[in-house]
Amino acid sequence: MGKETKELLVLEDILGSNKKIASSIRKKLTENGILAINLLSAPGSGKTSLLEKIGQKLKNKHKIGVIEGDIETERDADRIRKAGLPAWQITTHGACHLEAKMLAQIFDQIPADLDFLFIENVGNLVCPASFDLGESLRIVLVSTPEGDDKPKKYPEAFITSQVLVLTKCDLLPYLPFDTDRVIKEALEINPHLKVFKTSATSGEGLDELGAFLEAELKQRRSQHA
Ligand SMILES: Nc1nc2c(ncn2[C@@H]2O[C@H](COP(=O)(O)OP(=O)(O)O)[C@@H](O)[C@H]2O)c(=O)[nH]1
Ligand SMILES: [Mg+2]
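Per my numbering, residue 2 is the first one in the sequence shown, and the count goes up by one each step.
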């Protein structure tokens, strides 16, 4: 067997076992009526800031938990706790993405009566796209300073997501970022993407995103009932 074939078989094995664990996580979350949301994007694109703000909006009406994925440190979980939300940090010690087995290890700490479970993946637009975590909704974020050429360079993240959130839209007056181009490219890759333009700084688009998430929760619960 050639080296490349062996590598492919190992990868298929890892993805296969990840899929099994993810399916059992999804089953438990769905049974408990929890909407789990996996956030994918490059480092620094505004995942934690968005969660701080959207979490504060939703927490008056809903029970929320946040899983934070990072290579090292508890920094993002600390930020989320400061925003008044419970958070669990997973440190991957080098791995560039979260895997379902990492969630399974802390799963018994997650309250069964949550409404929303947000999962902030490791900052990376590539590897996290291949690993199902048992979520019911996947959000890909693109921040305006990253440039408007990203969807076709990193298609997998856009193909596997249901929602595209453009972040840091308050910076648009200062950047050569063509919002229409990004949305057009993203929709060419995945026509089903629901798109939101947001800013954690100005608050733009957060009410709309919050209302969408609440509607998704309601719809999925009624489907499962
Ligand atoms: N101007 C602006 N800066 C933002 C916004 N959201 C986040 N940032 C800044 O971008 C940097 C990275 O944000 P962070 O939430 O840590 O990104 P993450 O690595 O994806 O979690 C921080 O310095 C934030 O203050 C935004 O909406 N507008
Ligand atoms: Mg973060």
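The beta carbon of each residue, even a glycine, is placed where N, CA and C say it ideally should be.
- A straight-line Cα-Cα distance of about 13 Å links LYS198 and PHE213.
- Selection ALA187, ASN61, LEU134, TYR155 evaluated against VAL166 yields ALA187 as nearest (Cα-Cα).
- LEU99 places its beta carbon less than 8 Å from that of PRO129.
- Those residues that bring their Cβ nearer than 6 Å to a heavy atom of ligand 1 are SER42, PRO44, GLY45, SER46, GLY47, LYS48, THR49, SER50, GLY124, THR168, LYS169, ASP171, LEU172, SER200, ALA201, THR202.
- The beta carbons of ILE111 and MET103 sit no closer together than 8 Å.
- Closest by C-alpha distance to VAL164, out of ILE190, ASP150, LYS83, PRO146, is ILE190.
- The segment 76–91 makes no contact with the segment 10–17, as fewer than three CB pairs between them are under 8 Å.
- It is roughly 28 Å from the alpha-carbon of ALA105 to the alpha-carbon of ASN61.
- The secondary-structure analysis by DSSP pairs GLY66 across a beta bridge with LEU118.
- Here DSSP, grouped into helix, strand and coil, assigns PHE178 to coil.
- At the C-beta level, GLY47 and THR180 stay beyond 8 Å of one another.
- DSSP lists no beta-bridge partner residue for ILE26.
- For PHE108, there is no enclosing beta strand (DSSP E), as DSSP marks it with neither H nor E.
- Here DSSP, grouped into helix, strand and coil, assigns ASP208 to helix.
- For LEU52, the uninterrupted alpha helix (DSSP H) run begins and ends at 48–59, by DSSP.
- Closest by C-alpha distance to VAL123, out of LYS83, GLU69, ILE160, ASP109, is GLU69.
- DSSP places ASN19 within a helical segment (H, G or I) once states are collapsed to three.
- Between ILE81 and GLY56, the beta carbon gap of about 7 Å places them in contact (Cβ cut-off 8 Å).
- Across the set LYS21, ASP77, ASP71, the C-alpha of ASP71 shows the shortest separation from the C-alpha of GLY95.
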